[in-house]
Ligand SMILES: Cc1cc2nc3c(=O)[nH]c(=O)nc-3n(C[C@H](O)[C@H](O)[C@H](O)COP(=O)(O)OP(=O)(O)OC[C@H]3O[C@@H](n4cnc5c(N)ncnc54)[C@H](O)[C@@H]3O)c2cc1C
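Numbering (the working numbering), first residue to last: 189 to 530.
Here it is, written out as structure tokens:
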């Protein structure tokens with residue numbers, strides 16, 4: 189349905205809005221998708237302009253970053269703002285803590301590399317995660333034994349309901365496994381910048397398999413190189429084979445459910461429940477390599493859905509439904525999808 193828009197209150201060109209905005213280059217799954225309107229957001233003021241235009245036109249507004257956690261419909265009856273606001277800086281806190289701030293449109297992995305190249309450790313385990321700084325708090329990105337929340341201090345967001353900037357401290361953000369207040373709030377808060385507090389006395393996090401054999405005197409650059417090497421060896425390069433990383437969350441279940449699934453890797457949680465490997469469950473259903481249209485379960489990584497060339501939203505959606513159905517029928521476990529559908 190593309191006919192709900194009313195006459196815009198301001199000329200589109202002053203807001204840098206483009207009609208029938210092509211999102212194909214703005215999603216790592218490589219899905220062909222167009223938004224009714226779209227803009228690349230290079231300045232803060234554009235965020236409010238786009239939000240107000242959305243209100244006046246009756247269309248929803250979605251603000252995205254690198255599109256690495258998205259499944260896009262072919263046509264979006266929406267206004268999409270691609271966050272590209274740049275800038276980053278480093279300060280020392282009074283106690284010697286390193287305070288690093290980056291604007292939402294900075295590339296996350298480049299930003300991590302930049303901190304490490306300044307001799308600042310603390311983010312190296314999160315190197316190589318695609319996407320932007322502004323999206324990192326949305327699902328509290330995590331990898332190799334570290335989550336964003338472990339290093340997070342605060343963020344500034346645009347409140348698209350109250351039309352003003354708001355600062356969120358760490359304890360307001362409700363971070364948990366791939367969750368945050370911002371994800372729950374359904375797009376109300378648009379992240380403008382993120383501030384991280386990195387420890388003065390750096391201690392490497394080497395608990396994760398593959399990092400645990402690094403020498404005790406390792407530096408942050410060496411940890412980062414190892415993380416990047418592991419990621420390269422494990423994950424398909426989305427530039428070559430479109431994908432959105434892990435397609436399902438690892439389900440957290442009651443111990444009795446886990447007990448009923450022989451052989452499944454289990455990770456006990458503080459609340460007594462057990463996290464299971466979604467990849468193992470999908471693999472056990474014999475779905476590696478399974479294909480719907482041009483979307484397929486990666487032949488080596490059951491948790492990754494890849495675009496084999498020309499996949500559509502419909503292909504991805506059908507494949508994801510098949511996987512969920514198979515896992516639920518065989519194991520009684522409901523998988524939830526990680527990438528957000530727009
Ligand atoms: C190959 C691959 C590997 C991955 N590995 C990991 C991993 O190890 N760990 C992990 O946690 N994730 C991983 N991901 C998922 C993804 O990289 C992260 O979720 C990342 O933070 C998404 O950033 P993005 O800029 O691409 O966000 P997008 O995909 O553009 O958007 C994701 C969501 O965030 C919202 N959003 C984006 N920017 C803003 C903003 N400024 N303000 C408010 N909302 C915003 C969007 O509306 C959308 O709801 C991987 C993805 C891929 C493709």
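Here a beta-carbon is modelled for each residue, glycine too, at the ideal position from N, C-alpha and C.
Because the structure is a prediction, the values reported are computed rather than measured.
For residue 523 and residue 492, what's the separation of their Cα atoms in angstroms? 13 Å
What residue does the alpha helix (DSSP H) around residue 241 start on, and which one ends it? 232-245
Burial state of residue 511 (16 or more Cβ within 10 Å): buried
State the Cα-Cα distance for the pair residue 467 and residue 489, rounded to the nearest angstrom. Spanning the two alpha carbons is a distance of roughly 7 Å.
On the three-state DSSP scale, how would you describe residue 476? Of the three classes helix, strand and coil, the one that applies to residue 476 here is coil, per DSSP.
Find out if the Cβ-Cβ distance for the pair residue 266, residue 249 is shorter than 9 Å. yes
Counting contacts by CB-CB distance shorter than 9 Å, is residue 220 in contact with chain D? The displayed structure is made up of one protein chain only, and chain D is not part of it.
Rounded Cβ spacing between residue 321 and residue 299 (contact assumed at less than 8 Å): 6 Å
Less than 8 Å separating the Cβ of residue 437 from some heavy atom of ligand 1? Residue 437 Cβ: outside cutoff for every heavy atom of ligand 1.
Enumerated in chain order, which unbroken segments of the beta strand (DSSP E) with a length of 3 residues or greater are wholly contained in the region 455-505? 462-464, 483-485 and 492-495
Please go through the region 376-417 and give each complete beta strand (DSSP E) segment of 3 or more residues, from N-terminal end onward. 377-386
Taking the continuous alpha helix (DSSP H) assigned at residue 300, which residues delimit it? 296-305
Rounded C-alpha distance that separates residue 257 from residue 433: So the alpha carbons of these two residues sit roughly 7 Å apart.
Mapping the DSSP letters down to three states, classify residue 528 as helix, strand or coil. strand
contact_flag[the region 383-393, the region 294-312] where n(CB pairs < 8 Å) is 3 or more: yes
Any non-hydrogen atom of ligand 1 closer than 8 Å to residue 209 Cβ: Ligand 1 never approaches residue 209 closely enough for any of its heavy atoms to be under 8 Å from the residue's Cβ.
Contact test: residue 237 Cβ vs ligand 1 heavy atom, cutoff 8 Å: Residue 237: no, Cβ never under 8 Å from ligand 1.
Does DSSP put residue 214 in a helix, in a strand, or in coil? helix
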